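Right, one structure below, let's go through it.
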Amino acid sequence: MNKDFVKLILRRIATSAVVLFLMITFIFILLRISPGDPAQKFISPELSTGLADKVRESFNLNSSMIDQYKSFLINLLKGDMGISYNYREPVFQVIIQYLPFTIIFSLISFFIQIGVGGSLALLAVRKINKPLDRIISRMNLIFYALPSFVIGVFLILIFSEVLNILPSSGLRSFDFDFFSPFGKVKDYILHLIMPVLTLSLGGIAVFFRYLRDSLEETQNKPFVLNLRANGFDEKAITLKHIIPNAAGPLIAAAGVELGMLLGGALITEVIFSLPGMGRLAVNAILQRDYPLIIGCTLAAGVLVIMSNLAADIIRAKIDKRLIKDILN
Amino acid sequence: MKTKPKVWHLFIALCITLLIFRFASVIDIILLFFSYIILLASDFSNAVSQTNFEFIDYLVSGILIILLPLMIFFKFWKLRIFQTSLDFATAVIVVLLFVFIFAPLISGSHPDFQKNIGLTKLLPPVSGVKFLKFERKTKGEQSQFDKFIKLKNQVIKSSFDENMIFVDSAHLGKKILYFQNQKTFEISRDSLTSSGTIPTLGTKYFLLGTDEFGRDIFARLIYGARVSIFVGICSVFLSFIIGLLLGSASGYFGGMIDLTLNRLTDTFLSFPAIFLIIIILALFGNSMFAVIFVLGFSGWMSLFKIVRGEVISLKQKDFFISAKMIGLSSKQLLIKEVLPVILTPVVVNLVFQFGSVILAEAALSYLGLGTGSNHPSWGSMIDAGQNYLKDAWWMIFFPGLALIITLYSANDLGQKIKIHFNPQLSK
C-alpha cells in the first residue's frame, strides 16, 4: 500500500512539473510576442539612447527570444526568477511578502466554506424535501449565482457607507501602530470580516451543493438501509457510514477550490484593496512586469497542484480503491 | 379549465406593451423603412452610404415588433419551446432575449447620450428633467434623400443632440428665458423665427436614474444586457465547437491524439483560467471580440471531457459500429450519430457555461478589461458606481441586480434541463 502511495505522489509530481513547465513556456511566449515594451515606462525622452538601451539590456529584453528563453530556463533551474521591474527586488522576495496574507486569508475562507456548507448540507439532508431543505436549497441557488464583486460592493454599500461600522478597504487602520496588541487583532478582524464573507459565500454554495447531492445519494443506498434495518443508531450511521462515503466528490471539489483560493482571490482583493497574490499578479500584468508575472503564475500553479494532490491523497486514504483510478 | 401561463403568452404580452409605449417610434421606423426602400430604388449609392449597424438595428427591431407577435400568434405558438410553462427563470430568459432583440426600441435613448452634465448627473431613479427642444421647420420642396435623412435623425437616437438643452426651468414668452444652475440665459424669439425654429418644453424621465456623466442607467442596462448576451452566446458557441471537435477526435481516434489532447486539457484545467484571460486581454488589448475569443477558448475543457467520454462509450455501441460499416464519413458520423447522443449532457453544460461566461465578462469589465468603453456593460457600470457609493446607490444596485437575476436564472434553467433529461434526479 505504501509503495502505491509513494508511486502516486512521485507520478503526480512528475506530471505536475511537466504541466507547470508547459504553462510557463506558454506564458513566456505570450509575454514576448505581445505588443508593447515594458522598458518604456522607465525611459524618459530626455534619456540618451545609450542609456535607454542599457535599461532594456538590464531587463534582458534586447536579445533574441530563444536566447531569452534559454537564460530564463537556466536561471529558473538555479532558483532565480529574476528581478521585478517595478519593485527592483528579486521576484522571490516580492512574492514572499504577499504570500502569507493570501495563505491565511484563503485558509480562513476555506474552512468557513467547508464548515458552513457542510453543516448546512447535513441539516438539509436530515429534513430532505421538507420546507427547511427547500428554503436552504433555494437560498443556496441564489448565493451560487451571486458574483463575488457584486456581493463585495453591496456589502461595502451596506456596512461601510450606510451603517458605517466596518472599514471598506485595506488590512489595517491608518493609526494601527498606536493600538494595543488586542486592538491590533481586533483591527485585523474588522478589516477581514467583509472580504472573508465575500470570498466565502460562493464557496459555501458550491460545497453545500456537492455534499447535499452525494449525501442524498448515499442515504438511499442499500447498505445504509441494511444498517438501519439492523437497528443501528441513526447518528452513528450518519457519522461513520454516510459521511465518509459521501465525502469523495466534496474532497475533490475542495482541492480545486483551495487551489483557486491560494492562487489569489483576485476580485475580492481588488474590491477591498488587500495585499494578496491576486492583486499582485494583476498589477504585475497591467504594468508588464514580466518576471513578476511568471513568478506569480508559478506560485499559483504550484499551490493549485499541491492542493489538488493533497485532496487526492486524502481521498485515497479514505477509499483505498481510488488509488488505481487516480494513478491512471 | 384554467391554463397555466406559457412562454408565448409572456412574449406576446411584452411585445404588446412595448408597442403601446413606443407606438410613435414604431410608426416612424416603419415610415423610415419605406422611405429607405424608395431611396434604395432611386438613389442606390447614397442609400448604401447611410446604411450602418445602428440603422439596421433600428429597422429590424421596428419590423420584428410587428411581425414576431403576429407570426407567433398565428403560426408558431404550438412549437414546444413556446409551450414551455412559465416560471421565474424562463421568464427572465424570455425577457432577456426580448431585450436583446428590441434594445433600441425599449431603451428610448442612446446609452451614451449625455448633455448638460451639471444638471443631469447622478439623478436618483424616477426623476425628471425639463428640457427645451428646438425643432427646425424646413420649408419648401425636399428631395427624397433629405426627407430620409430627417426621418432617420428623428428615429435613431444619437449620443449627442445639439437641438436639446436640459434646463432647471424655462419661460417661453416673448423672450425665451431658461435657467441652468442659478444662471439665466435668454434667446430672443426673432432669431429663432427667422430660421424657422420652434422651441418646445418637455420633460425627460430617467426611470433608473443617471450615472456620473448624466447617462440614462435604464438605457445602459438594456444595451448592457445585449452585450452580455451576445458575448455569452458567441463564446459558448465557440467553446462548443472546439470542445465538440477536439473531444470527438480524441475519443474517436484514441492513441497519441487522445493522450496529447488529454494532457493539454489537464494543463488548462490545472491553472486558474482567469490569470491567463487577464494576461491575454491586458497585453494584447481588450475589445468585444477579444473577450469573446478568450472566454470561448478558456471554456472548452469541460465540454471536451464530456464529449470524449461519451464518444468512447459510443464507439462500442452496435448502432455506431453498423453506421461505420455502412461507410459514413467521419463528418457524417459526427453529425448523424454522435451529436444526437451527446446532445443532452452538452446542452446542460452549455447552459451552465452561458451563466459562467456572463459572469466572467462582468468580472472582466469590472476590472476594466471587458468589452471596452464603446459598449456599456453591467460589470463596468458596477465598477463606475463603486466610486459614487455614498451619493448614488442606484448606479451599482440596478446592474448588480440584473446580473444576479440573470445568473440565477441561467443556473436554475440549467438545473431544470438536467432534471428534465434525467428524471430520476431529485431536485
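Line by line, the protein sequences give chains A and B. 186 is the number that our numbering gives to position 186 of the first sequence; each next residue is one higher, with no gaps. For any residue, its number in our numbering is found by taking its place in the second sequence, counting from 1, and adding 1000. Backbone N, C-alpha and C fix where the C-beta goes; we use that ideal spot for every residue, glycine too. Predicted, not measured: the structure shown is a model, and the values here were computed from it.
Output, in chain order, the set of chain A residues within a Cβ distance shorter than 8 Å of Phe1284 (chain B). For the purposes of this step, residue 1284 (chain B) is taken as residue 284 along the second sequence, with counting starting at 1. For a Cβ distance threshold of 8 Å, residue set Ser34, Pro35 of chain A lies close to Phe1284 (chain B), ordered along the chain.
Run through DSSP, which three-state label would Val1126 (chain B) get? By one-based count along the second sequence, residue 1126 (chain B) stands at place 126. Val1126 (chain B): coil per DSSP, three-state reduction.
In its own chain, which residues sit with a C-beta less than 6 Å from the C-beta of Ile1405 (chain B), not counting the 5 before and 5 after it? Looking up residue 1405 (chain B) in the second sequence gives position 405. Cβ neighbours of Ile1405 (chain B) beyond the five flanking positions: Val1092.
Tell me whether Lys1427 (chain B) sits in a helix, a strand or coil according to DSSP, three-state version. Position 427 of the second sequence, counted from the first residue, corresponds to residue 1427 (chain B). Model confidence at Lys1427 (chain B) stands at a pLDDT of 46, short of 50, so the residue's coordinates are unreliable and nothing is read from them.
With a cut-off of 8 Å, does the C-beta of Tyr188 (chain A) fall near any C-beta of chain B? Taking the first sequence and counting its residues from 1, the one referred to as residue 188 (chain A) is at position 188. It does not: the Cβ of Tyr188 (chain A) has no partner Cβ on chain B nearer than 8 Å.
How about the region 279–289 of chain A and the region 258–269 of chain A: do they share at least three Cβ pairs that are nearer than 8 Å? Counting Cβ pairs under 8 Å, three or more are found: they touch.
Can you give me the Cβ contacts of Gly1209 (chain B) inside the same chain, cut-off strictly under 6 Å, excluding the 5 residues immediately before and after it? Here residue 1209 (chain B) is taken as the residue at index 209 of the second sequence, counted from 1. Hits under 6 Å: Leu1123, Pro1124, Pro1125, Ile1217, Trp1394.
Using alpha carbons as the reference points, say which of B:Gly1285, B:Lys1305, B:Met1256 lies closest to Leu1269 (chain B). Mapped onto the second sequence, residue 1269 (chain B) falls at position 269. It is B:Lys1305 whose Cα lies nearest to the Cα of Leu1269 (chain B).
Just verifying my parser: in three-state terms, what is the DSSP assignment at Asp80 (chain A)? Start at 1 with the first residue of the first sequence, and residue 80 (chain A) comes out as number 80. Looking at Asp80 (chain A) - three-state DSSP - the assignment turns out to be coil, as it is neither helix nor strand.
Among A:Glu257, A:Ala299, A:Gly36, which has the Cα closest to the Cα of Gln93 (chain A)? Indexing the first sequence from 1 puts residue 93 (chain A) at position 93. It is A:Ala299.
Tell me, please, which residues DSSP counts as bridged to Thr1164 (chain B). Here residue 1164 (chain B) refers to the residue found at position 164 of the second sequence. The sequence shown places Met at residue 1164 (chain B), not Thr. B:Lys1133, per the DSSP bridge assignment.
Coil, strand or helix - Phe1185 (chain B) by DSSP: For the purposes of this step, residue 1185 (chain B) is identified with residue 185 of the second sequence, where counting begins at 1. In the three-state reduction of the DSSP assignment, Phe1185 (chain B) falls in the strand class.
Under a three-way DSSP split, which group does Ala299 (chain A) fall into? Taking the first sequence and counting its residues from 1, one reaches residue 299 (chain A) at position 299. Of the three classes helix, strand and coil, the one that applies to Ala299 (chain A) here is helix, per DSSP.
For Tyr1223 (chain B), does the three-state DSSP call read helix, strand or coil? Position 223 of the second sequence, counting from 1, holds the residue named residue 1223 (chain B). Helix at Tyr1223 (chain B).
Chain-ordered chain A contacts of Ile1396 (chain B) [CB-CB under 9 Å]: Within the second sequence, residue 1396 (chain B) is the residue found at index 396, counting from 1. Chain A residues near Ile1396 (chain B): Val150, Val153, Phe154, Leu157.
Contacts around Glu217 (chain A), its chain only, beta-carbon distance under 8 Å, and the 5 residues preceding and following it disregarded: The residue you call residue 217 (chain A) lines up with position 217 of the first sequence. Once the five neighbours on either side are set aside, the close Cβ partners of Glu217 (chain A) are Ala246.
Measure the C-alpha to C-alpha separation of Arg1215 (chain B) and Ala1103 (chain B) and round it to an integer number of angstroms. Here the question's residue 1215 (chain B) lines up with position 215 in the second sequence. Here the question's residue 1103 (chain B) lines up with position 103 in the second sequence. Approximately 16 Å, taken between the alpha carbons.
Could you tell me which chain A residues have their CB closer than 9 Å to the CB of Lys1157 (chain B), listed as they occur along the chain? One-based indexing of the second sequence puts residue 1157 (chain B) at position 157. Residues of chain A with a Cβ closer than 9 Å to the Cβ of Lys1157 (chain B) do not exist, since the nearest Cβ in that chain sits about 29 Å away.
Using a Cβ-Cβ cut-off of 8 Å, state whether Gly1400 (chain B) counts as contacting chain A. By 1-based counting over the second sequence, the position of residue 1400 (chain B) is 400. It does; some Cβ of chain A falls within 8 Å.
Give the residues of chain A in contact with Tyr1278 (chain B), contact being defined as C-beta atoms less than 7 Å apart. The sequence position of residue 1278 (chain B) within the second sequence is 278, counting from 1. In the sequence under discussion, the amino acid at residue 1278 (chain B) is Ile, which differs from the Tyr named in the question. Val282, Ile285, listed in chain order.
Could you round the C-beta distance between Ser109 (chain A) and Ser200 (chain A) to whole angstroms and report it? I think they count as a contact, below 8 Å. Here residue 109 (chain A) is taken as the residue at index 109 of the first sequence, counted from 1. Here residue 200 (chain A) is taken as the residue at index 200 of the first sequence, counted from 1. The Cβ separation is near 5 Å, so the contact holds.
Separation of Tyr210 (chain A) from Met139 (chain A), as counted between CA atoms: Locating residue 139 (chain A) in the first sequence gives position 139, where the first residue counts as 1. Locating residue 210 (chain A) in the first sequence gives position 210, where the first residue counts as 1. The alpha-carbon of Met139 (chain A) is positioned some 15 Å away from that of Tyr210 (chain A).
Limits of the beta strand (DSSP E) - the one that Ala1170 (chain B) falls within: Within the second sequence, residue 1170 (chain B) is the residue found at index 170, counting from 1. Per DSSP, Ala1170 (chain B) belongs to the beta strand (DSSP E) from 1169–1172.
In whole angstroms, what separates the C-alpha of Leu286 (chain A) from that of Phe1284 (chain B)? Reading the first sequence from its first residue, position 286 is the one you call residue 286 (chain A). Reading the second sequence from its first residue, position 284 is the one you call residue 1284 (chain B). Just so you know, the alpha carbons of Leu286 (chain A) and Phe1284 (chain B) end up roughly 11 Å apart.
DSSP state of Pro1199 (chain B), grouped into three classes? Within the second sequence, the letter at position 199 stands for residue 1199 (chain B). The answer is strand: DSSP assigns Pro1199 (chain B) an E or B state.
Relative to the ligand ATP, is the shortest distance from any of its heavy atoms to the C-beta of Lys1137 (chain B) smaller than 7 Å? This structure simply doesn't include the ligand ATP, nor any ligand for that matter.
Residues that Ile1419 (chain B) bridges to, as DSSP identifies them: One-based indexing of the second sequence puts residue 1419 (chain B) at position 419. For Ile1419 (chain B), which the question treats as bridged, DSSP gives no partner whatsoever.
If you draw a straight line from the alpha carbon of Ala311 (chain A) to that of Ala252 (chain A), how long is it in whole angstroms? In the first sequence, counting from the first residue as 1, residue 311 (chain A) sits at position 311. In the first sequence, counting from the first residue as 1, residue 252 (chain A) sits at position 252. Computed Cα separation, rounded: 6 Å.
Relative to chain A, which residues along the region 1343–1365 of chain B have a C-beta separation below 8 Å, given in chain order? Listed by position, the residues of the region 1343–1365 of chain B near chain A (Cβ gap below 8 Å) are Gly1355, Leu1359, Ala1362, Ala1363.
Counting beta carbon pairs with one atom in the region 1360–1370 of chain B and one in the region 1315–1328 of chain B, are three or more of them shorter than 8 Å? No, they do not touch.
What are the boundary residues of the alpha helix (DSSP H) that Ala1177 (chain B) is part of? Your numbering for residue 1177 (chain B) matches position 177 in the second sequence. Sequence inspection shows Leu at residue 1177 (chain B); the Ala mentioned does not correspond to that position. Per DSSP, Leu1177 (chain B) is not a residue of any alpha helix (DSSP H); the beta strand (DSSP E) it occupies stretches across 1175–1180.
Output, in chain order, the set of chain B residues within a Cβ distance shorter than 7 Å of Ala145 (chain A). Locating residue 145 (chain A) in the first sequence gives position 145, where the first residue counts as 1. What Ala145 (chain A) touches in chain B: Ile1404, Leu1407, Tyr1408, Asn1411.
Would you please state the rounded distance, in angstroms, between the beta carbons of Ser1035 (chain B) and Lys1147 (chain B)? I believe it to be under 8 Å. Within the second sequence, the letter at position 35 stands for residue 1035 (chain B). Within the second sequence, the letter at position 147 stands for residue 1147 (chain B). Contact holds; Cβ gap of about 6 Å.
Per-residue DSSP class, three states only, for Lys1006 (chain B): Taking the first residue of the second sequence as position 1, residue 1006 (chain B) is located at position 6. Strand at Lys1006 (chain B).
Residue from B:Lys1317, B:Gln1154, B:Leu1339, B:Lys1152 with nearest C-alpha to Ile1241 (chain B): Residue numbering aside, residue 1241 (chain B) sits at position 241 when the second sequence is read from its first letter. Residue B:Leu1339 is the option with its Cα nearest to Ile1241 (chain B).
Identify every residue that forms a DSSP beta bridge with Pro90 (chain A). Taking the first sequence and counting its residues from 1, one reaches residue 90 (chain A) at position 90. Per DSSP, the beta bridge partners of Pro90 (chain A) are A:Ile83.
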